[in-house]
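Shown next, in structure tokens, is the structure this report addresses.
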Amino acid sequence: MSIVSDDNDFEIVKNVREETIKPEVCDFDRNFENCIRPKTFETYIGQSALKETLKISIEAAKRRELPLDHALFYGPPGLGKTTLAGVIAEQMGVEIKITAAPALERPRDIIGILMSLKGGQILFIDEIHRLNKVAEEILYPAMEDFFLDMTTGKIQTVKTLRIALPKFTLIGATTKAGELSGPLRDRFGIVHRLEFYSEDELTRVIKRTAGILEIEITEEGAQAVAKRSRGTPRIANRLVKRVSDYALVKHDGKITQDIANTALNALKIDDFGLDNTDRMLLRLIIEKYDGGPVGVETIAAALGEDVRTIEDVCEPYLLQAGLLQRTPRGRKVSPEACRHLGYENFTDQQNLF
Ligand code: ADE
1484 MSIVSDDNDF
1494 EIVKNVREET
1504 IKPEVCDFDR
1514 NFENCIRPKT
1524 FETYIGQSAL
1534 KETLKISIEA
1544 AKRRELPLDH
1554 ALFYGPPGLG
1564 KTTLAGVIAE
1574 QMGVEIKITA
1584 APALERPRDI
1594 IGILMSLKGG
1604 QILFIDEIHR
1614 LNKVAEEILY
1624 PAMEDFFLDM
1634 TTGKIQTVKT
1644 LRIALPKFTL
1654 IGATTKAGEL
1664 SGPLRDRFGI
1674 VHRLEFYSED
1684 ELTRVIKRTA
1694 GILEIEITEE
1704 GAQAVAKRSR
1714 GTPRIANRLV
1724 KRVSDYALVK
1734 HDGKITQDIA
1744 NTALNALKID
1754 DFGLDNTDRM
1764 LLRLIIEKYD
1774 GGPVGVETIA
1784 AALGEDVRTI
1794 EDVCEPYLLQ
1804 AGLLQRTPRG
1814 RKVSPEACRH
1824 LGYENFTDQQ
1834 NLF
């Protein structure tokens, strides 16, 4: 496909500013996530199978003196897709440019960023399922043969340009692999799903983060936070910070099992790691829809949330924890969800299932 742009647009493309991500200066309060991001495979906890295959691909790319194949990471949010892309860049010894599909709305956005790449660099596109058709079609030849086809000027004075790009690696991340178009998906040589973390892995993530933030935490304290972190390091890291605030204000700053549990109860995070929204969602299905099935649009409207938040943020863990089921006719709660929320008698009386 060729991209028609007027001369003005083309000027903008040529003058695109360099936006390579530089190592961040750590400001714990404002830039918490970047400060604690692991930079190497050794410090990146979990996803062992994926790490092993990536290490081999990276070593092979280095020996061939070629960039790494394009890679697609998918799975629920907060499992470390961006972090992993940063680790790969570090391991390859190249710079990474980070963007997200909603920032690539106009052709010149994607053209600009592609033309600003230097040989071997990594382009990371988050939420890649949200790329529009035009941007996707610009990406195809860029990914496959490292060139851009562009036409510039008005209709009578059209000039066609084929612009060679340096060889680069595209890393795409998505929470919705199913929404990626087939042709785009097929252009990734490495495609991997990130899995939820075990409690043991989350305990290690929490102890590492506590170490960086100079938070004192016992093994049992870390386990208590891990247990309620929904298999997700991003949540674990946020909770450890909130629990640490509580420990500092109400006690001596040290996180023990008791302090962690008291603080998490105060935050209304329950034993399963569910928050108010999760519980409201399950209660709604139980009380108003006899346990389901009910469509996600109906659930979202009743909760005043958007469908995307329900699907991308709440549901993945509820599904994985076996509290919610997806059926062709909508969402259903499981007997375990009823038990967890204290609806045992309700289950019998209302013939929920
Ligand atoms: N913080 C977020 N994700 C992490 C991971 N996988 N390992 C260590 N720390 C993390």
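If you count by the numbering used here, then the sequence shown holds residues 1484 to 1836, one letter each, in order.
Heads up, the beta-carbon is just placed ideally off N, CA and C, and yes, glycines get one too.
Query                                                                                                                : Result
Residue 1691 beta carbon near the ligand ADE (any heavy atom closer than 8 Å)                                        : yes
Per-residue burial, residue 1562 [other beta carbons within 10 Å of its own, 16 or more giving buried]               : buried
The segment 1638 to 1657 contacting the segment 1524 to 1532, beta-carbon criterion three pairs below 8 Å            : no
Heavy atom of the ligand ADE within 8 Å of residue 1559 beta-carbon                                                  : no
Rounded C-alpha distance that separates residue 1678 from residue 1588                                               : 30 Å
Residues that DSSP places opposite residue 1643 in a beta bridge                                                     : 1634
Alpha carbon of residue 1668 to alpha carbon of residue 1773, nearest angstrom                                       : 39 Å
For residue 1808, the first and last residue of its enclosing alpha helix (DSSP H)                                   : Unbroken run through residue 1808 is the beta strand (DSSP E), 1807 to 1810; no alpha helix (DSSP H).
Proximity below 9 Å, CB of residue 1552 to CB of residue 1695                                                        : no
Residue 1694 (DSSP reduced to helix, strand or coil)                                                                 : helix
Opposing strand residues paired with residue 1675 [DSSP bridges]                                                     : 1556
Any non-hydrogen atom of the ligand ADE closer than 8 Å to residue 1526 Cβ                                           : yes
Sequence-distant residues of the same chain with beta carbon closer than 8 Å to residue 1707, five excluded per side : 1740, 1743, 1744 and 1747
Nearest-angstrom Cα separation, counted from residue 1726 out to residue 1659                                        : 31 Å
Residues near residue 1653 in its chain [Cβ-Cβ closer than 6 Å; skip 5 each side]                                    : 1553, 1606 and 1626
C-beta atoms of residue 1808 and residue 1816 nearer than 9 Å                                                        : yes
Any non-hydrogen atom of the ligand ADE closer than 8 Å to residue 1721 Cβ                                           : no
Where residue 1650 falls, given that 16 or more other Cβ within 10 Å makes a residue buried                          : exposed
Close Cβ partners of residue 1698 (< 6 Å) along its chain, the five nearest in sequence each way excluded            : 1727
Rounded straight-line distance, which links the Cα of residue 1800 to that of residue 1768                           : 17 Å
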